[in-house]
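Visitor: Sequence order for the protein chains is A and B.
The first sequence runs 31 to 362 under my numbering.
The second sequence runs 6 to 367 under my numbering.
Glycine residues also receive a C-beta, built at the ideal position from the N, C-alpha and C atoms.
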Amino acid sequence: MKDLIRKLVETVGPSGYETAVREVVRTEIEGLVDEIKVDSLGNLIARKGQRSPDGMRVMLSGHMDEIGLMVTHVDEKGFVRFTTIGGVSPATCIGGRVKFLNGTAGLIYMERLESGDRLPSIEQLYIDVGASSRDACPVKVGDVAAFDRPFLDLNGRLVSKAMDDRIAVAVMIQALRECQSSPHELYFVFSTQEEVGLRGATTAAFGVDPELALAVDVTRTGDTPKGVKMEVSLGKGPAIKVRDSGMLADPRVVRWMVETAERNGIPYQLEVLEGGTTDARAMQLTRAGVPAGCLSIPTRYIHSPSEMVDYDDVRQSVRLLVELISHPVSLG
Amino acid sequence: MSANLTLPPGTPRIEEPQLALLERLSNACAVSGDEQQVRKIVLEEIKPHVDEVRVDALGNVLAVKKSSRADALRVMIDAHMDEVGFMIVDDDKEGLFRFAAVGGIDERTLPGKTVLVGKDNVPGVIGAKPIHLTEPGETENKIPIESLRIDVGAGAAGKVKVGDRATFATRFRRVGDSLLGKALDDRLGVATLIELLKNPPDGVELLAAFTVQEEIGLRGARVAAYAFHPDLAIAIDSTPALDLPNWDEHENTGYNTRLGAGAAIYIADSGTLSDPRLIRHLAQTAEELGIPYQFRQPGGGGTDAGAIHRVREGIPSVSISVPGRYAHTAQMVARLSDWEATLALVFHAVLRLDRSLLLAGR
Chain A
31 MKDLIRKLVE TVGPSGYETA VREVVRTEIE GLVDEIKVDS LGNLIARKGQ
81 RSPDGMRVML SGHMDEIGLM VTHVDEKGFV RFTTIGGVSP ATCIGGRVKF
131 LNGTAGLIYM ERLESGDRLP SIEQLYIDVG ASSRDACPVK VGDVAAFDRP
181 FLDLNGRLVS KAMDDRIAVA VMIQALRECQ SSPHELYFVF STQEEVGLRG
231 ATTAAFGVDP ELALAVDVTR TGDTPKGVKM EVSLGKGPAI KVRDSGMLAD
281 PRVVRWMVET AERNGIPYQL EVLEGGTTDA RAMQLTRAGV PAGCLSIPTR
331 YIHSPSEMVD YDDVRQSVRL LVELISHPVS LG
Chain B
6 MSANLTLPPG TPRIEEPQLA LLERLSNACA VSGDEQQVRK IVLEEIKPHV
56 DEVRVDALGN VLAVKKSSRA DALRVMIDAH MDEVGFMIVD DDKEGLFRFA
106 AVGGIDERTL PGKTVLVGKD NVPGVIGAKP IHLTEPGETE NKIPIESLRI
156 DVGAGAAGKV KVGDRATFAT RFRRVGDSLL GKALDDRLGV ATLIELLKNP
206 PDGVELLAAF TVQEEIGLRG ARVAAYAFHP DLAIAIDSTP ALDLPNWDEH
256 ENTGYNTRLG AGAAIYIADS GTLSDPRLIR HLAQTAEELG IPYQFRQPGG
306 GGTDAGAIHR VREGIPSVSI SVPGRYAHTA QMVARLSDWE ATLALVFHAV
356 LRLDRSLLLA GR
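(1) On the criterion of 16 or more Cβ atoms from any shown chain inside 10 Å, does B/M6 qualify as buried, or is it exposed?
(2) Compare the C-beta of B/R317 against all C-beta atoms of chain A and say whether one is closer than 7 Å.
(3) With distances taken between CB atoms, is the gap from B/A105 to B/V94 smaller than 7 Å?
(4) With distances taken Cα to Cα, identify the nearest neighbour of A/I355 among A/H214, A/E337, A/D274.
(5) Given a limit of 7 Å on CB to CB distance, which residues of the region 246 to 258 of chain B reach chain A?
(6) Which runs of the alpha helix (DSSP H) at least 4 residues long sit entirely within the region 183 to 229 of chain B? Give them in chain order.
(7) At 3 residues or longer, and completely inside the region 73 to 159 of chain A: list those beta strand (DSSP E) runs for me, N to C.
(8) How about B/T216 and B/A226: do their beta carbons lie closer than 7 Å?
(9) Report the start-end ranges of each beta strand (DSSP E) in the region 26 to 88 of chain B that is 3 residues or longer and not cut off at the edges.
(10) Under DSSP, the alpha helix (DSSP H) around A/E353 begins and ends at which residues?
(11) When the Cα atoms are used, what is the spatial distance from B/E219 to A/G267?
(12) Return the CA-CA distance between B/K118 and A/K37, expressed in angstroms with no decimal places.
(13) So what does DSSP say about A/S45, is it helix, strand or coil?
(14) To the nearest angstrom, how far is the alpha carbon of B/W252 from that of B/T258?
(15) For the region 273 to 324 of chain B, which segments carrying the beta strand (DSSP E) assignment without a break, of at least 3 residues, lie completely within its bounds, in sequence order?
(16) Give the DSSP-derived three-state secondary structure of B/G163 in the structure shown.
(17) What does B/Q289 touch in chain A if you count any residue whose Cβ is under 9 Å from its own?
(18) As a quick exercise: from B/G90, B/R29, B/P235, pick the residue whose alpha carbon is nearest that of B/L115.
(19) What residues from chain A crowd round B/R367, counting only those whose CB sits closer than 7 Å?
(20) Would you mind stating whether B/A174 and B/V120 have Cβ atoms separated by less than 7 Å?
(21) Residue range of the beta strand (DSSP E) that B/I241 falls in?
(22) If you measure beta-carbon to beta-carbon, which residues of the region 154 to 179 of chain A are closer than 7 Å to chain B?
(23) Applying the 10 Å Cβ sphere with the 16-neighbour rule, what's the burial state of A/T57?
(24) Could you spell out where the beta strand (DSSP E) holding A/S326 opens and where it closes?
(25) So does the region 122 to 130 of chain A actually touch the region 164 to 181 of chain A, counting three or more Cβ pairs closer than 8 Å?
(26) Is the CB-CB distance between A/V284 and A/I296 below 7 Å?
(27) Using the DSSP secondary-structure output, state which residues sit across from A/V174 in a beta bridge.
(28) Which full runs of the beta strand (DSSP E) of 3+ residues lie inside the region 126 to 152 of chain B, going along the chain?
(29) Between the region 77 to 97 of chain A and the region 203 to 217 of chain A, can you find at least three pairs of beta-carbon atoms closer than 8 Å?
(30) Considering only their Cβ atoms, is the gap separating B/R263 from B/D248 smaller than 7 Å?
(31) With contact counted as at least three CB pairs below 8 Å, one residue from each stretch, are the region 185 to 203 of chain A and the region 310 to 320 of chain B in contact?
(32) Contact defined as beta carbons within less than 8 Å: I believe B/L348 pairs with B/E200. What is the distance between those atoms, to the nearest angstrom?
(33) If you follow the alpha helix (DSSP H) that A/G237 is part of, which residue opens it and which one closes it?
(34) Mind listing which residues of the region 294 to 313 of chain B have their C-beta closer than 7 Å to chain A's C-betas, in chain order?
(35) At the 7 Å Cβ level, is A/G46 part of the contact set with chain B, yes or no?
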């Protein structure tokens with residue numbers, strides 16, 4: 031599964047510009063599903079199976095987009111100014127490398143600050159692509175870029191940009207490969223524009239009109255030095271989301287997920303996330319409302335160029351997802 | 006007289022009638038939530054030219070101009086009727102009224118401005134303390150809106166009540182290529198959309214949405230898009246031009262758009278990542294026909310497209326704006342040539358639309 035993960039995380043696909051990621055996903059799932067369609071916002075919606083009497087219409091959503099940057103201005107000397115796509119902090123930019131959709135590479139640096147210890151604002155940063163003038167610059171206003179860091183395997187702790195949320199995309203694809211049978215009409219939605227406000231999932235959910243919704247996304251951990259106080263850690267299994275800042279998971283869905291994990295001896299953690307939300311919120315509020323929850327993959331350093339997951343957690347997430355979708359759901 | 010743009014024959018132009026219409030629209034009072042004055046003008050202007058028109062529950066004007074083609078693309082074009090302004094919230098007696106802003110207004114631009122209040126356009130002023138009576142240091146701080154009052158004079162106190170809306174008292178003027186007036190955001194869009202209904206591009210079903218309450222959360226557009234359920238949408242708005250030179254003579258890298266540089270195509274704002282197919286289509290149309298255009302700097306701001314593209318199963322959307330300086334203040338400054346370029350670009354872009362555009366992937 032590591033090759034699949036590497037292929038996905040190393041693709042450039044910021045919100046609104048997910049085409050390359052979509053093509054990777056399509057290649058991986060073709061033949062595994064009954065129907066594939068791409069909607070107006072670029073969501074890849076793959077249907078597997080028909081709804082049997084003890085099944086439901088279930089929507090799974092993992093987002094293909096990553097945070098990134100968009101060019102706002104190229105100055106006379108060829109330096110590139112930019113705005114952010116999604117939650118990009120200046121702290122993770124300085125000295126970092128980027129790759130544009132058109133292949134151009136560059137690095138981010140900053141203007142000299144007035145007082146030495148303040149963080150720069152995005153307006154005080156710029157990208158240097160090695161051009162000496164505006165005319166010689168290979169990028170223009172509107173071009174998009176993502177962080178550029180290679181995939182690393184550190185003893186089973188995998189590090190890359192865009193683990194958020196390509197690791198979930200990989201988990202969904204692997205679950206699709208391993209799921210032998212299901213009573214449900216399953217919609218594997220590889221969504222777009224999550225990072226800028228759950229936009230893809232909003233419209234995809236309206237179209238799919240599911241009876242049950244599960245997002246697959248990353249969540250942060252509390253296991254780093256002087257880190258945020260949180261129960262979730264790497265290496266303790268997939269996290270079952272109880273709530274985040276945008277959604278209270280349906281308690282029946284949480285219970286179903288916990289029971290499934292326990293019945294199959296799959297390690298799990300309960301997650302309360304302060305700050306951040308997922309596609310599950312958008313699915314929960316669609317049309318007349320949908321019971322919703324989220325399967326979370328614990329991740330350190332989210333929204334930095336080096337996000338870290340534990341490979342065992344990833345494998346256990348696949349196992350849990352397969353068990354969840356392969357049997358009737360009792361929401362009770 | 007129209008601006009001196011060279012445009013293909015058959016392109017709708019801005020002449021005296023269009024300018025007179027813009028003047029009526031700019032001078033009308035239509036603060037978010039009570040757009041009646043502008044709605045009335047819109048309905049009068051478009052009724053003879055459309056096949057269907059209705060006013061929906063929120064006050065949007067929804068008009069349809071059908072096509073003779075059987076499988077015509079259904080194209081929604083949107084412009085918002087409301088402007089930012091004020092609402093009277095408390096009566097302090099003797100003609101003094103406490104007020105709140107409706108929509109985003111910079112408090113620093115308020116002291117000393119003249120306003121018109123309510124349906125009868127009662128004149129008033131947002132009073133400022135005479136400078137020779139200010140304390141040392143007082144002039145360094147902005148006056149919070151809670152401390153400001155609209156003063157209509159004790160004699161007119163009976164004509165104003167809590168809940169009345171007020172606008173800047175600015176009257177529209179055209180000076181050469183310059184258009185000066187309040188609420189050009191988005192009366193320029195409204196005037197453009199009216200013109201498109203009078204001179205419709207052939208071959209598409211035109212779904213015109215004159216929306217309400219854009220300035221307070223894109224509320225009208227959301228329901229209008231749900232009702233229309235179009236194949237794609239174009240929002241016509243006005244966007245800030247921050248193109249004055251920097252004092253320190255470093256290059257101005259945050260100009261957003263520039264006056265005189267033509268119609269501004271949106272790539273991304275805070276609410277929408279424009280559909281790349283529509284961005285390309287607009288830019289190519291402009292290039293091939295020699296219509297002046299620019300790309301609005303990505304980031305910040307928003308238009309009705311922010312609500313429209315997320316409705317139902319999603320609607321491919323893009324925005325295009327007439328640049329204007331001093332948006333959301335008493336007076337915007339825009340250029341007739343930029344307006345004419347915007348009208349021309351939307352007209353020709355819609356004329357050249359083809360279903361195959363949407364079949365290509367994003």
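Guide: So, from the listed chains and residues:
(1) A caution first: B/M6 carries a pLDDT of 47, below 50, which makes its placement in the model too unreliable to give a value.
(2) yes
(3) yes
(4) A/H214
(5) E256, T258
(6) 189 to 203
(7) 74 to 78, 87 to 93, 98 to 104, 110 to 115, 127 to 130, 135 to 140, 155 to 158
(8) yes
(9) 57 to 60, 66 to 70, 78 to 85
(10) 341 to 356
(11) 46 Å
(12) 60 Å
(13) coil
(14) 13 Å
(15) 298 to 301
(16) helix
(17) Correct list: empty, because the minimum Cβ distance to chain A is about 14 Å.
(18) B/G90
(19) T49, G72
(20) yes
(21) 237 to 245
(22) V171, G172
(23) exposed
(24) 322 to 328
(25) yes
(26) no
(27) A/M100
(28) 127 to 131
(29) yes
(30) yes
(31) no
(32) 6 Å
(33) 229 to 238
(34) F300, Q302, P303, G304
(35) yes
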